[in-house]
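If you count the sequence shown from 1, you need to add 42 to reach the working numbering.
Ideal placement from N, C-alpha and C gives every residue a C-beta, glycine not left out.
Report on the following structure.
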Amino acid sequence: MSKILKWVGLSLLGVLVIIQFFGIDKTNPPIEQGEEFMTLVETPPDVAKLLKDACYDCHSHETEYPWYTNIEPVSWWIAHHIDEARGHLNFSTWGRYNAEKKAHKAEESGEEVEKEKMPLPTYLPMHPEARLTGAQRERLASWFKALSEQEGRTSDKTMEGDSQPPMEAAEASHGEEEEHEHED
Ligand code: HEC
Numbered sequence: 043m044s045k046i047l048k049w050v051g052l053s054l055l056g057v058l059v060i061i062q063f064f065g066i067d068k069t070n071p072p073i074e075q076g077e078e079f080m081t082l083v084e085t086p087p088d089v090a091k092l093l094k095d096a097c098y099d100c101h102s103h104e105t106e107y108p109w110y111t112n113i114e115p116v117s118w119w120i121a122h123h124i125d126e127a128r129g130h131l132n133f134s135t136w137g138r139y140n141a142e143k144k145a146h147k148a149e150e151s152g153e154e155v156e157k158e159k160m161p162l163p164t165y166l167p168m169h170p171e172a173r174l175t176g177a178q179r180e181r182l183a184s185w186f187k188a189l190s191e192q193e194g195r196t197s198d199k200t201m202e203g204d205s206q207p208p209m210e211a212a213e214a215s216h217g218e219e220e221e222h223e224h225e226d
């Protein structure tokens with residue numbers, strides 16, 4: 043019995059040693075300043091700090107990788123989170139979203155923060171700076187809601203322009219062709 047346990051233990055150790063050679067890629071993708079959230083959206087300093095402290099490690103190309111991201115398989119789990127997070131919402135490429143998507147992402151951000159789903163709870167033990175107080179949560183949530191409404195208005199205008207333009211929009215577009223970017 044003890045021989046089997048020893049064998050299992052040594053095998054596990056062997057696997058752990060071997061997987062250390064399969065570390066994650068920690069190169070942050072490049073950032074185009076013109077697409078960056080805080081270049082495009084006027085962000086008050088306190089909100090900017092909250093976002094950098096509590097969101098940017100996962101939702102941007104400014105990820106900082108702490109020492110334990112050198113340990114597999116922990117690093118795989120973290121890399122997967124970052125991948126998924128950037129797929130859902132990426133502050134570094136905010137400029138690529140159209141107005142409608144911006145409004146939607148801002149709305150979701152407010153909701154996720156309000157419901158304490160974000161920042162991801164598993165992130166908090168190692169990141170005390172990301173543990174939001176009730177007041178910080180409220181500040182961030184209401185700021186995102188306001189942003190969502192603001193982006194929503196931009197989006198409504200674009201939509202009106204796309205379909206039947208109402209009187210004033212028709213007048214405003216005299217002589218000037220509006221350009222719309224289409225994204226898939
Ligand atoms: C530790 C990494 C991590 C941090 C930090 C983090 N997120 Fe996320 N976020 C994720 C992951 C992973 C997902 C996708 C899976 C999910 O929804 O749980 C996600 C999803 C989201 C979504 C999309 C939800 C949806 O339904 O599509 C929003 C919005 C969001 N996060 C906002 C934020 C905001 C705002 C912050 C900061 C206050 C933040 N996140 C901090 C990892 C993170």
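For residue i, verify whether its CB is less than 7 angstroms away from any heavy atom of the ligand HEC.
| i | result |
| --- | --- |
| residue 147 | yes |
| residue 99 | yes |
| residue 103 | no |
| residue 50 | no |
| residue 86 | no |
| residue 155 | yes |
| residue 117 | no |
| residue 110 | no |
Pick from the options: whose alpha carbon is nearest that of residue i?
| i | options | result |
| --- | --- | --- |
| residue 147 | 62, 191, 71, 86 | 191 |
| residue 145 | 85, 199, 87, 194 | 194 |
| residue 198 | 164, 106, 142, 169 | 142 |
| residue 140 | 79, 169, 119 | 79 |
| residue 132 | 43, 77, 86 | 77 |
| residue 230 | 180, 163, 179, 177 | Beyond the ends of the chain as shown, which are 43 and 226, falls residue 230; an answer cannot be given. |
| residue 73 | 102, 119, 159, 50 | 102 |
| residue 170 | 52, 49, 96 | 96 |
| residue 178 | 165, 168, 167, 160 | 160 |
So residue i packs on residue j, CB below 8 angstroms; how close in whole Å?
| i | j | result |
| --- | --- | --- |
| residue 62 | residue 114 | 6 angstroms |
| residue 174 | residue 83 | With 8 angstroms as the limit, residue 174 and residue 83 do not qualify as a contact, their Cβ atoms being about 20 angstroms apart. |
| residue 66 | residue 111 | 7 angstroms |
(Q) Closer than 8 angstroms is the cut-off here; do at least three beta carbon pairs connect the stretch 146–156 with the stretch 170–186? (A) Segment contact: the stretch 146–156 against the stretch 170–186, three or more CB-CB distances shorter than 8 angstroms; contact assigned.
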